[in-house]
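When the sequence shown is numbered by full-length UniProt numbering, its final residue is 292 and no position is left out of the sequence of numbers.
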Amino acid sequence: MEDAMNKYYAPMLLEADTDPTISKELVEKIFGNIKQITPINREHLYEDLQVRVSNWTPTTEIGDLFVNFAHLLKMYTVYSNGYDTAMKNLEIVATQPWFFKFCPAKVIIESILIMPIQRIPRYMLLLTDLYRNTPEDHPDDMNLARALKNIKNTAAHVNEGVAKHKNFDKLTSEGLTFLLAAHRTLVVDEVLSVVSFEEKRSRRGKEGLRKPGKSGKDGTNYKFMLFNDILVIMDSVAMKKRIKEPKDIEQWPVELLWVERGVDTSIKITGPYGGNLWSKLWINNWKIHKFT
Numbered sequence: 001m002e003d004a005m006n007k008y009y010a011p012m013l014l015e016a017d018t019d020p021t022i023s024k025e026l027v028e029k030i031f032g033n034i035k036q037i038t039p040i041n042r043e044h045l046y047e048d049l050q051v052r053v054s055n056w057t058p059t060t061e062i063g064d065l066f067v068n069f070a071h072l073l074k075m076y077t078v079y080s081n082g083y084d085t086a087m088k089n090l091e092i093v094a095t096q097p098w099f100f101k102f103c104p105a106k107v108i109i110e111s112i113l114i115m116p117i118q119r120i121p122r123y124m125l126l127l128t129d130l131y132r133n134t135p136e137d138h139p140d141d142m143n144l145a146r147a148l149k150n151i152k153n154t155a156a157h158v159n160e161g162v163a164k165h166k167n168f169d170k171l172t173s174e175g176l177t178f179l180l181a182a183h184r185t186l187v188v189d190e191v192l193s194v195v196s197f198e199e200k201r202s203r204r205g206k207e208g209l210r211k212p213g214k215s216g217k218d219g220t221n222y223k224f225m226l227f228n229d230i231l232v233i234m235d236s237v238a239m240k241k242r243i244k245e246p247k248d249i250e251q252w253p254v255e256l257l258w259v260e261r262g263v264d265t266s267i268k269i270t271g272p273y274g275g276n277l278w279s280k281l282w283i284n285n286w287k288i289h290k291f292t
C-alpha cells in the first residue's frame, strides 16, 4: 500500500496542482482513505512484531499484538465501501493522457488497490493457522484465540458496512429510499416469473385468483427484493417508474411468510391473508439457498 501512496497517490495530487487536466476529486475517489490506513500495519503491528521475532524463543508470545490490532482494522470499512466506486473512476482516468505519465497500465494500480480488501481475510487465515498449530499449554494460546475472535468480528463489521453501503446506493438509485432502514440488509434482488397467485378474502369467505399490480397476467415477471425483515414485490409497471410511496408495491414481513418447495425450480410462498396482499405465489427459478 505504501507503493500506492508514494508512486501514484501523492505524485498525482502534486501534479494536479499544476495540471488542470488532472481531477483531484477523481484521484481522491480512486484511492479513498488509503492515506489513513497505510500506516496502521507498520505503526501498530509490524514494528513490534519485528522486535518479537528477532528475539524469538519457544515461549515468545505475539497474540497480544493482534488482539488490539484487529480492532484498528475496522478503519478499512471506509475503504471497502468506496472500492467499487474507485474502480469505476479508475476506468475513467485510465483513458486520459496524463494517467500514462504515472502508470503504463491500469492493471498495475488495480492490483495495488485490491490489497487492502484482501488484508483482513489474509490476517484471518494467518491467525487461524497460528492458533491451530499452537499447543494448548503454550502461553500464547489464549491471546491467539482472542485475536482470532477479534479479527473475525472485524471482518463481519467491515462486510456489514459494505452491504449497507451497497443497499443505500441501490435503493437510492432506484428511487426506493423509503425502504432504507438502519437494520435492513438486501439479501436477494431478482426478477422472477409468477406462475399463479391466489387471494383469500376472509370477510366474504371466498377464494379466487386475482391479478396483482397493473400488469395482471399469470406468468408475468415481477421484481422480488428479499431483505432480512421484509419481502418486497412489484410488477412490471412499478419497475419502470420511480416509486414514491410504499402503497405502490407489496411488502410482506418475513416472519409472516411460509415457504414451501414446489416442483422443479419453483417454490410456493404463502403470505398473510386479507388486505391487498397476495396470499399465495408460485415462483419459478428462485434460488432456494439464497432465500433460506
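Beta carbons are placed, not taken as given, at the ideal position from N, Cα and C, and that holds for glycine.
{"Asked": "Per-residue burial, G82 [other beta carbons within 10 Å of its own, 16 or more giving buried]", "Found": "buried"}
{"Asked": "First through last residue of the alpha helix (DSSP H) which encompasses T38", "Found": "34 to 41"}
{"Asked": "For N221, the residue or residues it bridges with in DSSP", "Found": "S193"}
{"Asked": "Straight-line gap, V194 to D235 (C-alpha atoms, nearest Å)", "Found": "10 Å"}
{"Asked": "Chain-order list of residues whose beta-carbon lies under 7 Å from that of F102 (same chain, five-residue window excluded)", "Found": "Y8, P11, M12"}
{"Asked": "The alpha helix (DSSP H) enclosing T172, as first and last residue numbers", "Found": "141 to 173"}
{"Asked": "V66 versus T134: straight-line alpha-carbon distance, rounded", "Found": "For the record, residue 66 in the displayed sequence is Phe; it is not Val. Going from the Cα of F66 to the Cα of T134 covers about 15 Å."}
{"Asked": "Of the residues L192, W252, D229, the one placed nearest S266, counting alpha carbons only", "Found": "L192"}
{"Asked": "Extent of the continuous alpha helix (DSSP H) run through P135", "Found": "Looking at the DSSP string, P135 is not in any alpha helix (DSSP H), and its letter there is neither H nor E."}
{"Asked": "Other residues of its chain near F168: CB distance less than 8 Å, five sequence neighbours each side excluded", "Found": "L180"}
{"Asked": "7 Å Cβ shell around N150 - same chain, five flanking residues per side excluded", "Found": "V67, A70, H71"}
{"Asked": "Of the listed residues P104, W98, F178, Q251, nearest to T18 (C-alpha basis)", "Found": "W98"}
{"Asked": "Buried versus exposed call for E136 [16 or more other C-beta atoms within 10 Å across all chains shown]", "Found": "exposed"}
{"Asked": "N33 vs V93 beta-carbon contact at 8 Å", "Found": "no"}
{"Asked": "Span of the alpha helix (DSSP H), counted from its first residue to its last, around E13", "Found": "A small correction: the amino acid at residue 13 is Leu; Glu does not occupy that position in the sequence shown. Note, L13: alpha helix (DSSP H), 10 to 16."}
{"Asked": "Three-state secondary structure assigned by DSSP to L176", "Found": "coil"}
{"Asked": "Contact between the segment 122 to 130 and the segment 22 to 37 (3+ Cβ pairs under 8 Å)", "Found": "no"}
{"Asked": "Integer Cβ distance of V259 from N228, believed to fall under 8 Å", "Found": "That pair is no contact at about 15 Å."}
{"Asked": "Counted within 10 angstroms of its Cβ, other Cβ atoms place I22 as buried (16 or more) or exposed", "Found": "buried"}
{"Asked": "Sequence-distant residues of its chain with Cβ nearer than 6 Å to T154 (five each side left out)", "Found": "A70, L73, K74"}
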